[in-house]
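What follows is a short report on a single structure.
2 protein chains.
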Amino acid sequence: MIIARTIAEVRKCVAAWKKEGQVVGLVPTMGYLHAGHASLVDRAAAECGKVVVSDFVNPTQFGEGEDLQSYPRDFAHDCALLEAHGCDLVFYPEVSEMYAEDAATYVEILSEMPKQLCGKTRPIHFRGVCTVVSKLFNIVQPDRAYFGQKDAQQLAIIRRMVRDLSYGIEIIACPIVREEDGLAMSSRNTYLNPAERQAALVLSEAVFLGERLTEAGETDAAALLAAMRAHIEEEPLAKIDYVSAVDGVTMMPVSKIEPGVLVAMAVYIGRTRLIDNFTVGGTADDC
Amino acid sequence: MIIARTIAEVRKCVAAWKKEGQVVGLVPTMGYLHAGHASLVDRAAAECGKVVVSDFVNPTQFGEGEDLQSYPRDFAHDCALLEAHGCDLVFYPEVSEMYAEDAATYVEILSEMPKQLCGKTRPIHFRGVCTVVSKLFNIVQPDRAYFGQKDAQQLAIIRRMVRDLSYGIEIIACPIVREEDGLAMSSRNTYLNPAERQAALVLSEAVFLGERLTEAGETDAAALLAAMRAHIEEEPLAKIDYVSAVDGVTMMPVSKIEPGVLVAMAVYIGRTRLIDNFTVGGTADDC
Chain A
1 MIIARTIAEV RKCVAAWKKE GQVVGLVPTM GYLHAGHASL VDRAAAECGK VVVSDFVNPT
61 QFGEGEDLQS YPRDFAHDCA LLEAHGCDLV FYPEVSEMYA EDAATYVEIL SEMPKQLCGK
121 TRPIHFRGVC TVVSKLFNIV QPDRAYFGQK DAQQLAIIRR MVRDLSYGIE IIACPIVREE
181 DGLAMSSRNT YLNPAERQAA LVLSEAVFLG ERLTEAGETD AAALLAAMRA HIEEEPLAKI
241 DYVSAVDGVT MMPVSKIEPG VLVAMAVYIG RTRLIDNFTV GGTADDC
Chain B
1001 MIIARTIAEV RKCVAAWKKE GQVVGLVPTM GYLHAGHASL VDRAAAECGK VVVSDFVNPT
1061 QFGEGEDLQS YPRDFAHDCA LLEAHGCDLV FYPEVSEMYA EDAATYVEIL SEMPKQLCGK
1121 TRPIHFRGVC TVVSKLFNIV QPDRAYFGQK DAQQLAIIRR MVRDLSYGIE IIACPIVREE
1181 DGLAMSSRNT YLNPAERQAA LVLSEAVFLG ERLTEAGETD AAALLAAMRA HIEEEPLAKI
1241 DYVSAVDGVT MMPVSKIEPG VLVAMAVYIG RTRLIDNFTV GGTADDC
């Protein structure tokens, strides 16, 4: 596995692969990799001749007071996981390699879409995500890029960006990977102390409750969300940011639960903000 | 010469060329081509195995009350010129091929740079330019792209965008091409009636005056600009938008004239807004 710390090295490797006619897959990550990331790499390795994984804690998607400084990192562990899952090149740049001191160009969706859900409390987050993913697309020029369904709004926004900016890249969504007890895998789970780790189960429990109610025929979004919220509110360590039902493409609120609706939540467990979601009827790109 | 009206056709052609190992050059234009555009195509044809020219009047770079509707078009003439200058593919899309009805993703430089010079009166112009050029880069994935020095601020902004978004594309600047009497070539010159066409010479005259004064040793920007403005103000049909001296990279105003300084102007001749400029010491990429 090649470890590339510069954009130039990545370009050189990918150019050589493309000359060979290889299909190139990209898995953008912020590192501290877990089984959720591994599932993305597995799928990329199964579908692409060459797999590039970026491992970069992107500062432009963190707002003031967020966890940029404390975001967990373990590159040695990441490398071991990536090598075991068939990654061909890991791109591990310094911040200075990715952003000039006076960098000021941003990619942004100027609609209501990035203002919904996580965008309400993280106003610059998706601008930072679009900008760094755009850069990664320009550096790697992949045929396919793999994103987790756990970050459902991010996925929808990347799809919209790809369409609007005419990127010729196929976006593949992979399902949420969960711990045995249900908690959605997240690098941020490491922030949780034992009591919080237990309390964090209210997210997946609310997701499973929502899925059961939906399967049982609940079509009223307000009723569904009220039931999910009520469950979360039973947990003293949990504080709801949002529990919402939105159109799975536009991210705009819906009142009726039907196939394609995304039911998503963000919940603080202590000081740690966690997210989880499900899509009614499943997602088109489940692997 | 291939005429491609869809993004898919362009991608298919370029992919085939890249498989052959061809170097691909892109010349983005808004059509109604003149000798200035031809010089860009000539240079691209000299340096690249395959030349793509886009011919698209991009609505997102026109503000309200600007000349989107009246912007001149003559695709038959464009094709004849392009074929004669060695263009391999002209991309001539409908607006609906380039922009979905709900397209909302923009590429924008969030610094003072796009607010200077033309940005003062055209606040959304460079956002539209960056967005469409970004799309063209993503569609064509050229090795090199060619821009005219006449649109000096656009050129500087594209260079900054390419750097900030990590596009692996070499940006080539080509010098201003002028009519025999000095007027910088522009598709908008067609708006001028005979009296205005004569009056429009104050722009190039002011540029030449500025160049002469600079060569004679004038280093005070205020004095230089005052002399240039005074010349333009002698013409009753002319109304100055701006005559400015700025850093050639950042577009920020300077007080001292030295190599690398861009001296640029926008002047209304009747209702037609024309631009012209020179760079002290010439530009690095002059061809």
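Keeping their order, the protein sequence lines are chains A and B.
This note's numbering puts the first sequence at residues 1 to 287.
This note's numbering puts the second sequence at residues 1001 to 1287.
Glycine included, C-beta positions come from ideal geometry on N, C-alpha and C.
Min CB distance residue i to chain B below 9 Å
{"i": "A:ILE7", "result": "yes"}
{"i": "A:CYS287", "result": "Residue confidence for A:CYS287 is low, a pLDDT of 42 falling below 50, so the modelled location carries little weight; the figure read from the coordinates is stated next. It does not; no Cβ of chain B falls within 9 Å."}
{"i": "A:MET98", "result": "yes"}
{"i": "A:ASP88", "result": "no"}
{"i": "A:THR190", "result": "no"}
{"i": "A:ASP102", "result": "yes"}
{"i": "A:GLY118", "result": "Looking at the sequence shown, residue 118 of chain A is not Gly but Cys. Judged by the 9 Å Cβ criterion, A:CYS118 is not in contact with chain B."}
{"i": "A:CYS293", "result": "With chain A running from 1 to 287 in the structure shown, residue 293 of chain A is simply not present."}
Run of the alpha helix (DSSP H) containing residue i, from where it starts to where it stops
{"i": "A:ARG11", "result": "7-19"}
{"i": "B:GLU1234", "result": "Neither: B:GLU1234 is in no alpha helix (DSSP H) and is coded neither H nor E."}
{"i": "A:THR190", "result": "No alpha helix (DSSP H) holds A:THR190; DSSP gives it neither H nor E."}
{"i": "A:LEU110", "result": "No alpha helix (DSSP H) holds A:LEU110; DSSP gives it neither H nor E."}
Minimum Cβ-Cβ distance from residue i to chain A less than 9 Å
{"i": "B:LYS1018", "result": "yes"}
{"i": "B:ILE1109", "result": "yes"}
{"i": "B:THR1105", "result": "yes"}
{"i": "B:MET1251", "result": "no"}
{"i": "B:MET1113", "result": "yes"}
First and last residue of the uninterrupted beta strand (DSSP E) at residue i
{"i": "A:VAL280", "result": "That residue, A:VAL280, is in no beta strand (DSSP E); it is neither H nor E in DSSP."}
{"i": "B:PRO1028", "result": "1024-1029"}
{"i": "B:ALA1200", "result": "Careful: B:ALA1200 lies outside any beta strand (DSSP E) and carries neither H nor E."}
{"i": "B:ILE1169", "result": "Neither: B:ILE1169 is in no beta strand (DSSP E) and is coded neither H nor E."}
{"i": "B:ALA1266", "result": "1261-1269"}
{"i": "B:TYR1242", "result": "1238-1247"}
{"i": "A:ILE2", "result": "2-4"}
Whole-Å CB distance - residue i paired with residue j, under 8 Å assumed
{"i": "A:ILE172", "j": "A:MET113", "result": "20 Å between Cβ atoms; not a contact."}
{"i": "B:THR1105", "j": "A:ARG160", "result": "6 Å"}
{"i": "A:VAL202", "j": "A:ALA238", "result": "5 Å"}
{"i": "A:VAL140", "j": "A:LEU26", "result": "5 Å"}
{"i": "A:GLY148", "j": "A:LEU40", "result": "6 Å"}
{"i": "B:LEU1225", "j": "B:GLU1218", "result": "At roughly 10 Å, the Cβ-Cβ gap does not stay under 8 Å, so B:LEU1225 and B:GLU1218 are not in contact."}
{"i": "B:GLU1097", "j": "B:ILE1007", "result": "6 Å"}
{"i": "A:GLY280", "j": "A:PRO142", "result": "According to the sequence as given, residue 280 of chain A is Val; it is not Gly. Wrong, their Cβ atoms sit about 30 Å apart, outside the cutoff."}
{"i": "B:SER1134", "j": "A:LEU165", "result": "6 Å"}
{"i": "B:ALA1045", "j": "B:HIS1085", "result": "6 Å"}
{"i": "A:ASP78", "j": "A:GLY36", "result": "So it is not a contact: roughly 13 Å between Cβ atoms."}
The segment 1135-1162 of chain B: positions lying closer than 7 Å to chain A by Cβ: LYS1135, ASN1138, ILE1139, GLN1141, ARG1160 and MET1161
The segment 1163-1189 of chain B: positions lying closer than 9 Å to chain A by Cβ: ARG1163, ASP1164, LEU1165, SER1166, TYR1167, GLY1168 and ILE1169
Positions along the segment 1010-1034 of chain B whose CB lies within less than 7 Å of some CB in chain A: ARG1011
Beta strand (DSSP E) runs wholly inside the segment 103-162 of chain A, at least 3 long, in chain order: 105-109 and 144-148
Segments of 4+ residues assigned as alpha helix (DSSP H) that fall wholly inside the segment 1036-1097 of chain B: 1075-1084
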